[in-house]
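Enquirer:
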Amino acid sequence: MAIRRKLIAGIASLLSIVLSGVVQAATDMNMRPGVTETSNAAYDLHMMVIWVMVAISVVVFGAMIYSFIFHRKSKNYKPATFHHSTKVEMIWTAIPIIILIYLTIPAVKLLIKMEDASNSEMSIQVTGSQWKWHYKYLEHDVEFFSELDRSLTITDENYLLEVDNALVVPVETKVRFLVTASDVIHSWWVPDLAVKKDAIPGFINETWTAIPADQAGKTFRGQCTELCGKDHGFMPVVVKVLSKEDFKAWVAQKDQERLAAEKAAAEAAAQSWDMDKLMAMGKEVYDSKCAQCHQASGLGIPPAFPALKGSPIALGPVDAHINIVVNGKSGTGMAAYGPQLTDAELAAVITYERNAWENNTGDKVQPADIQAFKAGN
Amino acid sequence: MSDHHPTGFTRWLYTTNHKDIGSMYLWFSFIMFLIGGAMAMVIRAELYQPGLQFVDPNFFNQMTTMHGLIMVFGAVMPSMVGLANWLIPMMIGAPDMALPRMNNWSFWILPFAFTLLLSSLFMEGGAPNFGWTFYAPLSTTFGPPSTDFFILGVHMMGISSIMGAINVIVTVFNMRAPGMTLMKMPLFVWTWLITAFLLIMVMPVLAGTVTMMLTDRHFGTSFFDAAGGGDPVMFQHIFWFFGHPEVYIMILPAFGVVSEIIPTFSRKKLFGYSSMVYATASIALLSFIVWAHHMFAVGMPVAGELFFMIATMLIAVPTGVKVFNWVATMWQGALTFETPMLFSIAFVILFTIGGFSGVMLAMAPVDFQYHDTYFVVAHFHYVLFPGAIFGTTAAVYYWLPKWAGKMYNETAGKIHFWLSMIFVNLTFFPMHFSGLAGMPRRIPDYNMMFADFNMWASIGAFGLGLTQVYFLVIVLLTLKNGKTAEQKQWEGASGLEWDAMPSPAPYHTFSTPPKID
Chain A
1282 MAIRRKLIAG
1292 IASLLSIVLS
1302 GVVQAATDMN
1312 MRPGVTETSN
1322 AAYDLHMMVI
1332 WVMVAISVVV
1342 FGAMIYSFIF
1352 HRKSKNYKPA
1362 TFHHSTKVEM
1372 IWTAIPIIIL
1382 IYLTIPAVKL
1392 LIKMEDASNS
1402 EMSIQVTGSQ
1412 WKWHYKYLEH
1422 DVEFFSELDR
1432 SLTITDENYL
1442 LEVDNALVVP
1452 VETKVRFLVT
1462 ASDVIHSWWV
1472 PDLAVKKDAI
1482 PGFINETWTA
1492 IPADQAGKTF
1502 RGQCTELCGK
1512 DHGFMPVVVK
1522 VLSKEDFKAW
1532 VAQKDQERLA
1542 AEKAAAEAAA
1552 QSWDMDKLMA
1562 MGKEVYDSKC
1572 AQCHQASGLG
1582 IPPAFPALKG
1592 SPIALGPVDA
1602 HINIVVNGKS
1612 GTGMAAYGPQ
1622 LTDAELAAVI
1632 TYERNAWENN
1642 TGDKVQPADI
1652 QAFKAGN
Chain H
533 MSDHHPTGFT
543 RWLYTTNHKD
553 IGSMYLWFSF
563 IMFLIGGAMA
573 MVIRAELYQP
583 GLQFVDPNFF
593 NQMTTMHGLI
603 MVFGAVMPSM
613 VGLANWLIPM
623 MIGAPDMALP
633 RMNNWSFWIL
643 PFAFTLLLSS
653 LFMEGGAPNF
663 GWTFYAPLST
673 TFGPPSTDFF
683 ILGVHMMGIS
693 SIMGAINVIV
703 TVFNMRAPGM
713 TLMKMPLFVW
723 TWLITAFLLI
733 MVMPVLAGTV
743 TMMLTDRHFG
753 TSFFDAAGGG
763 DPVMFQHIFW
773 FFGHPEVYIM
783 ILPAFGVVSE
793 IIPTFSRKKL
803 FGYSSMVYAT
813 ASIALLSFIV
823 WAHHMFAVGM
833 PVAGELFFMI
843 ATMLIAVPTG
853 VKVFNWVATM
863 WQGALTFETP
873 MLFSIAFVIL
883 FTIGGFSGVM
893 LAMAPVDFQY
903 HDTYFVVAHF
913 HYVLFPGAIF
923 GTTAAVYYWL
933 PKWAGKMYNE
943 TAGKIHFWLS
953 MIFVNLTFFP
963 MHFSGLAGMP
973 RRIPDYNMMF
983 ADFNMWASIG
993 AFGLGLTQVY
1003 FLVIVLLTLK
1013 NGKTAEQKQW
1023 EGASGLEWDA
1033 MPSPAPYHTF
1043 STPPKID
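These protein sequence lines are chains A and H, in that order.
Sequential numbering of the first sequence, starting at 1282, is according to our numbering.
Sequential numbering of the second sequence, starting at 533, is according to our numbering.
1. Name the chain H residues whose beta carbon is nearer than 8 Å to that of alanine 1323(A)?
2. Reducing DSSP to helix, strand and coil, say where lysine 1047(H) ends up.
3. Mind checking who alanine 1537(A) pairs with in its DSSP beta bridge?
4. Looking at C-alpha atoms only, which residue of Asn957(H), Gln1000(H), Pro872(H) is the closest neighbour of phenylalanine 883(H)?
5. When the Cα atoms are used, what is the spatial distance from proline 785(H) to methionine 1334(A)?
6. Quick check on the burial criterion: 16 or more other C-beta atoms within 10 angstroms. Buried or exposed for methionine 715(H)?
7. Flag this pair as yes or no: are the beta carbons of methionine 895(H) and methionine 841(H) separated by less than 8 Å?
8. With DSSP as the reference, identify every bridge partner of glutamine 1504(A), one or two as the case may be.
9. Do we get a CB-CB distance below 8 Å when we pair isoleucine 975(H) with the residues of chain A?
10. Return the first residue and the last residue of the beta strand (DSSP E) that isoleucine 1405(A) is part of.
11. Quick one: list the residues of chain H neighbouring histidine 1365(A), beta-carbon separation under 8 Å, in chain order.
12. Quick one: is aspartate 552(H) buried, meaning 16 or more other Cβ sit within 10 Å of its Cβ, or exposed?
13. Any idea if methionine 533(H) is buried or exposed, counting beta-carbon neighbours within 10 angstroms, 16 or more meaning buried?
14. Pick out whichever of Met634(H), Met845(H), Ala758(H), Ala866(H) has its Cα sitting closest to the Cα of arginine 1353(A).
15. Considering only C-alpha positions, which residue in the set Gln585(H), Met892(H), Met598(H) is nearest to tryptophan 1332(A)?
16. Any idea which residues DSSP pairs isoleucine 1582(A) with across the strands?
17. Going by DSSP in three states, alanine 1398(A) sits in which element: helix, strand or coil?
18. Is there contact between the stretch 678-688 of chain H and the stretch 649-658 of chain H, where contact requires at least three CB pairs shorter than 8 Å?
19. Using CA atoms only, rank isn't needed, just tell me which of Leu1028(H), Leu1004(H), Ala1037(H) is closest to alanine 1017(H).
20. Enumerate, from N- to C-terminal direction, the unbroken alpha helix (DSSP H) stretches of 4 or more residues contained entirely within the stretch 1603-1646 of chain A.
21. Do the stretch 618-630 of chain H and the stretch 1001-1015 of chain H meet, that is, are 3 or more Cβ pairs less than 8 Å apart?
22. Run down chain A in chain order and give the residues with a C-beta less than 9 Å from the C-beta of phenylalanine 751(H).
23. So that I know if they touch, is there some Cβ in chain H lying closer than 8 Å to that of asparagine 1486(A)?
24. By the DSSP assignment, the alpha helix (DSSP H) with leucine 650(H) in it spans what residues?
25. To the nearest angstrom, how far is it from the Cα of phenylalanine 875(H) to the Cα of asparagine 941(H)?
26. When you check each C-beta in the stretch 865-884 of chain H against every C-beta of chain A, which residues fall closer than 9 Å?
27. To the nearest angstrom, how far is the alpha carbon of threonine 1044(H) from that of methionine 712(H)?
28. Can you list the residues of chain H that aspartate 1512(A) reaches, using a CB-CB cut of under 8 Å?
29. I think valine 1607(A) touches glycine 1597(A), with their Cβ atoms under 8 Å apart; what is that distance to the nearest whole Å?
30. Any chance the stretch 752-769 of chain H sits against the stretch 844-852 of chain H, with 3 or more Cβ pairs inside 8 Å?
31. What's the gap between the Cα of serine 806(H) and the Cα of alanine 572(H)?
32. Please list the terminal residues of the continuous beta strand (DSSP E) segment that includes threonine 1490(A).
33. Candidates Thr597(H), Tyr978(H), Ser651(H): which alpha carbon is nearest threonine 665(H)'s?
34. Answer yes if the stretch 812-829 of chain H comes into contact with the stretch 1367-1380 of chain A, meaning at least three C-beta pairs across the two stretches below 8 Å, and no otherwise.
35. Pop quiz: tryptophan 1470(A) and glutamine 1504(A) are said to be a contact at Cβ under 8 Å. What is the actual Cβ separation, rounded to whole angstroms?
36. Taking only the alpha-carbon atoms, compute the straight-line gap between phenylalanine 720(H) and isoleucine 691(H) and give it to the nearest angstrom.
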C-alpha cells in the first residue's frame, strides 16, 4: 500500500510540474488577447471554441481509445453485428447542430460589432505598395511612408518588425482606417488590435480600432499578411499609441517638420550642386530605396526588376529618366518616387544612376531640373 | 482465361487497361510527391532559423508556389484518380473503365502538363512566384513571363481531370454488374462518384479563371485590373468557387478509402452506410456555397460574411456524422492493427483535428486573427497530409497485395507508419503556435519569437520527407521479393475485389459480369 501511495504521490507531483510547464508554455503558444475590447472579445471566442473542441475530442477520441484497448481481436473479443441505428444517428446529427448554434451566436454579435466603423472620430488612409505602407491623416495635414528598418539584425528584439516612421494614433479615440493599395493586394494586420484588412488596388476597405487609455506609450507590431511579391515578408506594420495631448503635440511637430522640409527643399533647389555631392547623396538614396530591386550592383533581377547598368533609360534622354523615377511605371513594381523623395534626393539619385556602374553619361541633374519637370507635368 | 498483355514501353504508352493506367497514375503522383516534397525541404531549410541562409525571397516564393501546385494537382489529385482506375471497375464488377482510350489520354496529358510547369523553374524570371492561389493582380500584371506556361499547364491538368471525372461517372452509371445497385456499391465508389461531379462542376471554372488571366496579360482585357474597370476581388470569388470544392475533391476519395479499411480490420460492417452516402453528398453540396470563407478579410458586406460563416460551420455536421460512424464501426469490433488500419486510424484522429481548426477558421471575427497566418498552414496540412496522403498510403498498403500479388513486410509498414505519425505532428502542430503568435504565411524570414516553432517544424519536415523515401523502398522491395499474397489477404475484407478474383488481380477481370445477390 505504502509503495502505491508513494507512487501516486510521485506521479501527482510529476504531473503538477508538467502541468505548470504546460500552462507557462501555453501562454507563449496561444493567441495574444490584445488590448482593445474587440481583440479581447475575439480572444474569448477563440478560447471558447478551443474548449468546446477539447471536450469533443475527449468524447470522440476517448471512445476510440476505449475500443483500441478493449475491443481487440487479441483479447478474443467477438465483434458485434450492428451496423446502423437511426436513433443514434439522429442524436449525433443534432448534438453538433446545437454546439454550432452555441458558438455562432457570440460570433455573429462580435462580427457585426467589428464591421461597424460608423461614428469614428478620426480617419487614416492606409495605402499598401510594394513594399511599404503610406499613412495619411485625413483630418490633419500629415502623411508619410513607413518602411522596414533594415539596420536591425536577427538578434534585435524587433527584427523585421521595426519601421522608419510608425503610425501614431491617440488613445480613447475611434480611429477609422481606410485601407487601399496602389499596385498588388496587401493586408494590414495588427494582432494586438485584432485588425486585419486587405489593401486592394481600386478598393477602399474600412476597419477601425479604439485603444484604451492605459495603453498610451505602447507600440504594437504586425506584418503584411497577403503575399505581395518579393519583399512580402519585409513590410511590417508598427502602431505607436499616444495619449490625446501627446498626439496633439506630435501633429504640431509634424507640421513644423513639414514646413522646415519645404523650406530646405526650396533652398536646395535654388543652388547648383556639384557632381561629388550629387553622387554621394545619390548613392545613399539608391541604397536605401532602389537597391532592394535594382540591386546595389545596378544589375537588377531581370526581367521583373531590370538592370540599370547600361539600361536605355539611364543612358537615354534625361527627361524620360526623371519621368519614370518621379511617376513610376504602372503595371510594374516601379513606384512613383515623386511624392516619396525631396527634389534634391530625386536629382541626386537620378544623377547617381546615370553615372554609377560605368554608365558615365556625365549628366548632372539638378534639383531645379526636377522642379521644372514637375511644374511642366 | 489467358492473362496475356503486351510488353515493353508501348504497353504503357498505348494501354487502355484500367489497371495499367491506375498504376501509371499512382507512380506519377508519387514522383510528383517527391518533387513537391523536395521543394518543401527547401522551404523548411530556409525557415529552420531566422535570417536568409539558402535562397533569396523571390526563389522562396517560387518554392511555396510550386510546392502547392505540384502537391495539389500533381500528387494528391492523380493519386486519387489512380486509386479510382484500379478499384472502381473491380469493385462494381466491370471489365474496365467505360471510356478506355480517353482514360489513356487523360493520363498521358499529365507528364506534359507538369513538364511545362516545372520547366518554368529554368526560365528567365523564374517560376510562378505568386502562391498556388495566384491572386490577381500579382499573377497578372505583375506575374513573371513564365506565368503563361503555368496557365497552359493548368489548362492541361484541368482537361485531364475533367476526362477522368467523366470516365468515373460513365463507368459507375453504365458498367455496374447486374444486381450491383447504387446503394450496394462500396463507399469508395460512392465518394469517387460524388468527387467526379465536383470535378466536372469546378474544373471549368478554374479554366475560366486562368483564361481571363491570359487575356488580361496579353489581350488588353481588364477582368481583374481595377484601373481598367475590373475587379481583383472577383478573381478571388471565382478562384475559391473552384478552390473550395477542390479541397473536398482531394479528401472525399480518402474518406472512401478509410470507409473500406476500418470495417475490414474491425471485422464488422461499416456503421451507417446510407448516412455515410448522404453525408458525403451533403458535404459536396455545401462545398459550393462556402467559398468566401477564404476571403473574410477582403471587405465583404457583413451580410455576406455572416452567410459564409454560418454555411461553413454547417459543414461540421455531415463531417461529424462521418467521424462518428467510423468510431461506431470500430466500437465493439474485433480490432487488429495492421499498417493500413494504423494509417486509417491516424487519418480519423488527425483529420478531426484539422476539422477542429476548420471550425475555428470559419468563425469570421476570430478568423481575422488566423487568416493568412501559419495557423491556416497548419490547418490545411492537417487535412491534406494525414488526411488525403495518409488515406492514399493506407490504400496502397491495403490493396497492394491485390494489385501486385505480393505482401509487404508488416514490420517495415509499421515503422513507416510510426515515423510518419511522429514527424507529421512534429512538422505541422507547431505551425498552429507560430500562427497564433502572429507569423504570416509565405514569408522567407521571421522574428526571433517564431524561431522555436519553426525549428521544430523544420526538423519534423526533414524526418517526414525521409520517411516517405522509406515508403518508396518498402514498395519496391515488396514488388521485388514480397511474399505471395492470398486471394483474400485480410481476414475481415469483403467486396468483389477480394471475393471474385485471385491475387494478383489478372490483367483482365470480369470479362463476364459477376453475379451479385
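Note that CB positions come from ideal geometry on N, CA and C, so glycine has one too.
Expert: Considering the structure as presented:
1. Around alanine 1323(A), the beta-carbon contacts reaching into chain H at under 8 Å are Pro897, Val898, Phe900, Gln901.
2. Of the three classes helix, strand and coil, the one that applies to lysine 1047(H) here is coil, per DSSP.
3. Before going on, a small fix: residue 1537(A) reads as glutamine here, not alanine. Bridge partners of glutamine 1537(A): none, in fact.
4. Among Asn957(H), Gln1000(H), Pro872(H), the Cα nearest to that of phenylalanine 883(H) is on Asn957(H).
5. Separation of proline 785(H) and methionine 1334(A) (C-alpha to C-alpha, rounded to the nearest whole angstrom) is 26 Å.
6. Per the 10 Å Cβ criterion, exposed.
7. Yes.
8. Answer is Pro1517(A), bridged to glutamine 1504(A).
9. Taking Cβ atoms only, chain A reaches closer than 8 Å to isoleucine 975(H), which makes this a yes.
10. Per DSSP, isoleucine 1405(A) belongs to the beta strand (DSSP E) from 1403-1410.
11. Chain H residues near histidine 1365(A): Phe803, Gly804, Tyr805, Ser806, Ser807.
12. So aspartate 552(H) counts as buried.
13. Because the pLDDT of methionine 533(H) is 45, which lies under 50, any placement of that residue in the model is unreliable, and the number read from its coordinates should be weighed accordingly. The residue is exposed, with fewer than 16 neighbouring Cβ atoms inside 10 Å.
14. For arginine 1353(A), the nearest C-alpha among the options comes from Ala866(H).
15. Among Gln585(H), Met892(H), Met598(H), the Cα nearest to that of tryptophan 1332(A) is on Met892(H).
16. Phe1586(A).
17. The answer is coil: DSSP assigns alanine 1398(A) none of H, G, I, E or B.
18. Touching, per the Cβ criterion.
19. Alanine 1017(H) has its Cα closest to that of Ala1037(H), out of Leu1028(H), Leu1004(H), Ala1037(H).
20. Within the stretch 1603-1646 of chain A, the alpha helix (DSSP H) runs of at least 4 residues that lie entirely inside it are, in chain order, 1624-1636.
21. Touching, no.
22. Within chain A, no residue has its CB atom less than 9 Å from the CB of phenylalanine 751(H), the nearest being about 15 Å off.
23. Yes, contact with chain H.
24. Its alpha helix (DSSP H) spans residues 632-651.
25. The alpha-carbon atoms of phenylalanine 875(H) and asparagine 941(H) are separated by roughly 15 Å.
26. If the cut-off is 9 Å between Cβ atoms, the stretch 865-884 of chain H has Gly865, Ala866, Leu867, Thr868, Phe869, Ile877, Val880, Ile881, Thr884 near chain A.
27. Each residue's alpha carbon lies about 14 Å from the other.
28. What aspartate 1512(A) touches in chain H: Pro589.
29. With a Cβ gap of about 16 Å, valine 1607(A) and glycine 1597(A) do not count as contacting.
30. Too few Cβ pairs lie closer than 8 Å, so no.
31. In a straight line, the C-alpha of serine 806(H) is about 39 Å away from that of alanine 572(H).
32. Counting along the chain, the unbroken beta strand (DSSP E) around threonine 1490(A) starts and ends at 1486-1491.
33. Closest option to threonine 665(H), Cα to Cα, is Thr597(H).
34. Taking 8 Å as the limit for Cβ pairs, the verdict is that the stretch 812-829 of chain H does not touch the stretch 1367-1380 of chain A.
35. 6 Å between Cβ atoms; contact.
36. When rounded, the distance between both Cα atoms is 23 Å.
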